[in-house]
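Novice:
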Amino acid sequence: MRVIAGKAKNHKLIAPEGLHTRPITDRIKEALFSMWQFKIPECRFLDLFSGSGSMGIEALSRSAARVVMVDNDNEAIKIIKQNIKNCRLNNGNELILKEDVFFFIKNSKEKFDIIYADPPFTIETIFEPLMQALSESDLLEDDGFIALRTLDSKKMADRYGDLVKYKEKKYGISHIHFYRKDSYEI
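This is the structure:
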């Protein structure tokens, strides 16, 4: 696992040991950031269930203005901090929070252009409440979007409150569901 592009290109990233995290593959990360290449510079990026911090670090490396990474696992938080330090990306644009994701969603006052969520695949019941919580929050900018990673077998609704699915992509056993506000016009 490595940083694909930007200021920290080719820096190796470490991941927490065990089965609690499943780091995103370089292939998926590269495909997503290729889609987002013109949206990342100067954006505000939220990485929920951050694990190793790979997605948030990629956004930092590609000049995101602000990156917030949220995970409730002590080991994951230590790894994220180590990865940011090793990549020399600790410049104050990042915020690493050891916090419950649902608590963060309910209580944060920040807004984000891109929200990436990668909940544990082993907790089958987490996906629907997560999308419901995001739809009830005010975290997403009007022209922003959410990318949710699930197993390819996990079906997600086309709508959660004012969030509508506008695209899906399959990568091996992973599926990325893309949502934006219903009121947003392309």
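Residues 8 to 193 (the working numbering) make up the sequence shown, in order.
Backbone N, C-alpha and C define an ideal beta-carbon position, used for all residues, glycine too.
Owing to the predicted nature of the structure, the values given are computational and were not obtained by experimental measurement.
(1) Please classify residue 157: is it buried, with 16 or more other beta-carbons within 10 angstroms of its beta-carbon, or exposed?
(2) Once DSSP output is grouped into helix, strand and coil, what is the label at residue 154?
(3) Can you grab the Cα-Cα spacing for the pair residue 70 / residue 14, in whole Å?
(4) Tell me, please, whether the stretch 123 to 133 touches the stretch 87 to 96 by the rule of three or more beta-carbon pairs shorter than 8 angstroms.
(5) Could you spell out the range, first to last residue, of the alpha helix (DSSP H) harbouring residue 137?
(6) Span of the beta strand (DSSP E) holding residue 102?
(7) Which same chain residues, not among the five before or five after residue 49, have their C-beta less than 8 angstroms away from its C-beta?
(8) Could you tell me whether the stretch 30 to 47 touches the stretch 73 to 85, where touching means 3 or more Cβ pairs closer than 8 angstroms?
(9) Which class does residue 53 belong to by DSSP, given the choice of helix, strand or coil?
(10) Is it right to say residue 26 is buried, meaning 16 or more other beta carbons lie within 10 angstroms of its own, or is it exposed?
(11) Expressed to the nearest angstrom, what Euclidean distance is found between the alpha-carbon atoms of residue 24 and residue 80?
(12) Within a Cβ cutoff of 8 angstroms, which residues of the same chain sit near residue 169, ignoring the five residues on either side of it in sequence?
(13) If the criterion is Cβ atoms closer than 8 angstroms, does the pair residue 55 and residue 183 meet it?
(14) Given this structure, state the Cα-to-Cα distance separating residue 20 from residue 10, to the nearest angstrom.
(15) Taking residue 106 and residue 91 to be in contact with their CB atoms under 8 angstroms, please state how far apart those CB atoms are, rounded to whole angstroms.
Specialist: According to the structure data:
(1) Sixteen is the threshold: when 16 or more other Cβ atoms of the shown chains lie within 10 Å of the Cβ of residue 157, as they do, the residue is buried.
(2) Reduced to three states, the DSSP call for residue 154 is strand.
(3) Answer to the nearest angstrom: the Cα atoms are 8 angstroms apart.
(4) Inter-segment contact for the stretch 123 to 133 and the stretch 87 to 96 is absent: fewer than three beta-carbon pairs are separated by less than 8 angstroms.
(5) Where residue 137 is concerned, the enclosing alpha helix (DSSP H) starts and stops at 134 to 143.
(6) 101 to 105 is the span of the beta strand (DSSP E), which, as asked, contains residue 102.
(7) Only 70, 71 and 72 meet the Cβ criterion.
(8) No contact exists between the stretch 30 to 47 and the stretch 73 to 85.
(9) Three-state DSSP puts residue 53 in a strand.
(10) Note on residue 26: pLDDT 47, under 50, position unreliable in the model; the coordinate value appears next. Its Cβ having fewer than 16 others within 10 Å, residue 26 is exposed.
(11) Approximately 12 angstroms, taken between the alpha carbons.
(12) Answer for residue 169: 142, 188, 189 and 190, listed in chain order.
(13) Not a contact, by the Cβ cut-off of 8 angstroms.
(14) Between the alpha carbons of residue 20 and residue 10 lies a distance of about 7 angstroms.
(15) Not confirmed; about 17 angstroms, so no contact.
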